[in-house]
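Below is one structure, written out as structure tokens; comments come after it.
2 protein chains.
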Amino acid sequence: MANTDSLNIRVFSLNCWGIRYVSKHTPQRYAMIGDMLCKEEHDVVLLQEVWSEKDYLFLKKKLACSHPHSHHFKSGVIGSGLAIFSKHRIHETFLYRYSLNGYPYMAQHGDWFGGKAVGMAVLKFGSLTANVYVTHLHAEYCRDKDSYLPHRVVQAWELQQFVRHTSVGADVVILGGDLNMHPQDLGNRLLLSYTGLRDSYLEAAKFDGCENGMTLVADNPFICKKELAPFEKGIRIDYILFKGSSKTAVYCDFMSTTKGSVPDHPFPYSDHEALTSVLRLETRAETERDGPRTSKNPDSAAGKAAELVDIVTEARTEVKVGLHCAERMRYTASRTGAMGLALLILELAIAAVPWLALGAEQPFPRTSFYLLAALCFAILAATALLYVFYTMELKSLQGAEDQMRLAVGSLQEKLRGFPLAQPHDAHLRPPGGQGPGVFKPEE
Amino acid sequence: MANTDSLNIRVFSLNCWGIRYVSKHTPQRYAMIGDMLCKEEHDVVLLQEVWSEKDYLFLKKKLACSHPHSHHFKSGVIGSGLAIFSKHRIHETFLYRYSLNGYPYMAQHGDWFGGKAVGMAVLKFGSLTANVYVTHLHAEYCRDKDSYLPHRVVQAWELQQFVRHTSVGADVVILGGDLNMHPQDLGNRLLLSYTGLRDSYLEAAKFDGCENGMTLVADNPFICKKELAPFEKGIRIDYILFKGSSKTAVYCDFMSTTKGSVPDHPFPYSDHEALTSVLRLETRAETERDGPRTSKNPDSAAGKAAELVDIVTEARTEVKVGLHCAERMRYTASRTGAMGLALLILELAIAAVPWLALGAEQPFPRTSFYLLAALCFAILAATALLYVFYTMELKSLQGAEDQMRLAVGSLQEKLRGFPLAQPHDAHLRPPGGQGPGVFKPEE
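Line by line, the protein sequences are chains W and E. Counting in our numbering, the first sequence runs from 104 upward without gaps. Counting in our numbering, the second sequence runs from 104 upward without gaps.
The structure is reproduced here in structure tokens:
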């Protein structure tokens, strides 16, 4: 083994279920979470659903000694609920808001108001640059008929884009959060295959926690057993993912989750289980470098590209389903709006007839007239807003689909073994008669 | 000179002013633009304000031979208006929507509906990876009293974050578009200082175009002279920016702009002038590498950090002004809403009095009653929507301010000469008794 230096980093992730006045025992649970974090002194703490600024400030104060660096990502109306606490200085943060995130009129689900996003923080572990991401995707309310699936798939698509493009210079990449996706769900496969991130649970040398790494378990007293069906024991939707770089190898030595209850406490930290991963970072020897990035085995690279084509194609299909659905909704909104307008015109016409037949008595009861007019205006205003909203949804879905088509095209070209970047006319104008050797297309 | 191979890349940027049924001579101008692009065969064409999908498809068809690769970035209700045409294959695209972009009720300005964003495309120029960005920031309607300034500053902040974080792996970075900022404007300084991007106009060895590189000129017949005041001759708000990397040096050999008219045509391409930059990419010799990234002169690095601190602090101040303004607007919305509610309750009370005094005649004229009730409901609905909107604006402004504060803190620590990344407890557990030498904090 060529690696000589190693650094252990402990990462914690928890969906705090911090909806003020709705979630149960919120203040007590935050106090418990604060005590535990203060004691455990993880290097990086990634929290979701810290909806209230007050709760964040409570934790910030409580963790001032153990985790002096923190950031609360702000987005949407009440969100994004994402927070990071760190023992290491946070040098920078950056937030990417997902373009799709449910519907504002689905207030009972509330996701839209949360402004779901992925937050990034640049940390230094010694001399290593670490890009740490925390995110929370749209919830799944009904697995059999999941109307939010296209939105979640687009979120996963944007998440992988964001992580991939912003983490090029990082030595270590860590992503934690509530993805609201089962391990084999499309979005999860998209994320892992495209970014090369590895799942702590699957990689851990040793694991201590719920069966199958589940993070939403029937044993948790805050969980409604009915909602878990048909997954009686629970599901795994929270993750800590990681990857290294050409310079740094990352291993997961140990992973643990809470098990639905906390010893010596009347209730658990949250309705989700908390995750802890112990990552070991090792600097690669010079000879090892460039290994993991540019695969030396062309067959494996081709296999990977083929797998990606399949997954992205599957995602495109899902986005197209979303597109049809959004188009239908927009059509319904415009038709309803047109009916509202027609009704208004009809009403005005009926009212105008006696008015034009000078002096004739108004047969239209005044109360009905005004109520109907108000109804028409309300319909017009609501459908106009919905039309604008659905148009924005359509644009985002079309945008994601375009990007996916482009990515599949590029992957397929790679697969066909064609040069990756054959320009039509590369404008090669080598000065001094030197050949364009350096600028040959790759491969 | 250690560089031996060079590649010339011609980049074009134009704000097309493509508002269907509003902009003048749109179809004719698109035909002109298409003809010119087809003939000129630039490597990369960056267009803004291509609002209509139809117009994009028209160009796509027209440029099928000269620029077989293209992408139209979709965002907002009618936007984002951003398009890229390329001779080189576009491998991937990614879109970042700015979190702030005007107000939906300012329909006459329309920016909100455009969903302003920055689009990124990954291209290959031979073996070189190029990240090409196209963007369009919020317009400036009144320079003296620019109520959109905080929004534009936040857009510039997010733009620099996006470019900086996504371009680490690129050999060449090109950014073109209508920034709606004068060269010395805060947002422009923020963008250039933070990213290290260089301005084609200032760097060009040779320039041919409008005086001072202006891109919105009085000589353009589509320009209303009044709106330019006090800049009688024009302003420079469109840019082509670029930078190289440790592997590649980039120089601007030539830059040109159109001059308010196009020979042999009755009108110009747009109300903005078109920009063309000829960039020369040269591979750096091995010995030269790492030069431009890690400055060898600590004084210059400190000077740069100090300059950044000043600029970010200035930006923070501007964002705080925006915060106060948004808070005031939200307060006004909630107060108006409360008044609407009070009026409704009062009205119901007045109407209820005779109803309770059984049989007494209703003194409230029915027409007034219904009209007043409708007005109250309209006020309540509108103020509720505005309250939600302003809360989202506040969240975004607070988020940007938090990020800026964090960045200033990190820069100041760097300036003070303290170690950049001193973890409180680095968890150094070197196996086999080896020292933690590799993991020393930087500097």
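Ideal Cβ placement from N, Cα and C applies to all residues, glycine included. Predicted model only: the values in this text are computed from it and were never measured.
- Listed along chain W are H174, I193, E195 and T196, each with a C-beta nearer than 7 Å to that of L509 of chain E.
- If you ignore the 5 residues before and after Q258 of chain W, its C-beta comes within less than 8 Å of the C-beta of Y201, L203, N204, K219, L240, H241 and G290, all in its own chain and listed in chain order.
- A distance below 8 Å between beta-carbons, with the five flanking residues on each side excluded, links Q501 of chain E to the following residues of its chain, in chain order: L426.
- Interface with chain W (8 Å Cβ-Cβ cutoff): R419 of chain E is excluded.
- Membership of A186 of chain W in the beta strand (DSSP E) is indicated by the continuous run G182 to S189.
- Assignment of M507 of chain E by DSSP, reduced to helix, strand and coil, places it in the helix class.
- Among the residues of the region 177-191 of chain E, those with a Cβ less than 9 Å away from any Cβ of chain W are K177, S178, G179, V180, I181, G182, S183, S189, K190 and H191, in the order of the chain.
- For T494 of chain W, a Cβ of chain E is located within less than 8 Å of the residue's own Cβ.
- Boundaries of the beta strand (DSSP E) harbouring T360 of chain W: T351 to T360, taken from the DSSP string.
- Contact annotation: I277 of chain E and V114 of chain E have beta-carbon atoms nearer than 8 Å.
- At a cut-off of 8 Å between beta-carbon atoms, H268 of chain E makes contact with chain W.
- Collapsing the DSSP output to three states places A220 of chain E in a strand.
- Annotation: the continuous beta strand (DSSP E) that includes A233 of chain W extends over L231 to H239.
- Within chain W, no C-beta atom comes less than 9 Å from the C-beta of K350 of chain E; the nearest is roughly 10 Å away.
- The beta-carbon distance between Q264 of chain E and F197 of chain W, rounded to whole angstroms, is 5 Å. This is short enough to meet the 8 Å contact definition.
- The region 404-422 of chain E and the region 348-362 of chain E do not touch, with fewer than three beta-carbon pairs separated by less than 8 Å.
- Put simply, the region 371-388 of chain E touches the region 110-130 of chain E. At least three CB pairs are less than 8 Å apart.
- In this structure, T390 of chain W sits away from G312 of chain W, with a CB-CB distance that is not shorter than 8 Å.
- By the C-beta criterion, the region 434-448 of chain W is judged to be in contact with the region 485-503 of chain W, since at least 3 inter-stretch pairs fall below 8 Å.
- Here D402 of chain W is exposed: its Cβ has fewer than 16 other Cβ atoms, across all protein chains shown, within 10 Å.
- Among the CB atoms of chain E, one or more fall inside 8 Å of the CB of Q501 of chain W.
- If you check the CB distance, F345 of chain W and R301 of chain W come in under 8 Å.
- Residues of chain W whose Cβ lies closer than 7 Å to the Cβ of R433 of chain E do not exist, since the nearest Cβ in that chain is about 11 Å away.
- Put simply, the CB of K498 of chain W is near chain E, with a gap under 8 Å to one of its CB atoms.
- For V114 of chain W, the uninterrupted beta strand (DSSP E) segment begins and ends at S109 to N118.
- Non-local C-beta neighbours of C327 of chain E in its own chain, meaning closer than 8 Å and more than five positions away in sequence, are absent.
- Three or more beta-carbon pairs drawn from the region 153-170 of chain W and the region 126-143 of chain W are found closer than 8 Å, and the two stretches are therefore classed as touching.
- For H268 of chain E, the enclosing alpha helix (DSSP H) covers residues L252 to T269.
- Between Y199 of chain E and chain W, the shortest Cβ-Cβ separation is below 8 Å.
- Contact between the region 145-158 of chain E and the region 116-132 of chain E is present: 3 or more CB-CB pairs across the two stretches fall below 8 Å.
- Between the C-alpha atoms of T269 of chain W and V221 of chain W there is a straight-line separation of about 12 Å.
- C168 of chain E sits exposed, since fewer than 16 C-beta atoms from the chains shown fall within 10 Å of its C-beta.
- From the listed residues E:R132, E:P130 and E:R192, the smallest Cα separation to L514 of chain W is found for E:R192.
- Two segments are said to touch when three or more pairs of C-beta atoms, one from each, lie closer than 8 Å; by this definition the region 501-511 of chain W does not touch the region 465-480 of chain W.
- In this structure, T232 of chain E keeps its C-beta atom at 8 Å or more from the C-beta atom of D281 of chain E.
- Among the residues of the region 250-267 of chain E, those with a Cβ less than 7 Å away from any Cβ of chain W are Q264, in the order of the chain.
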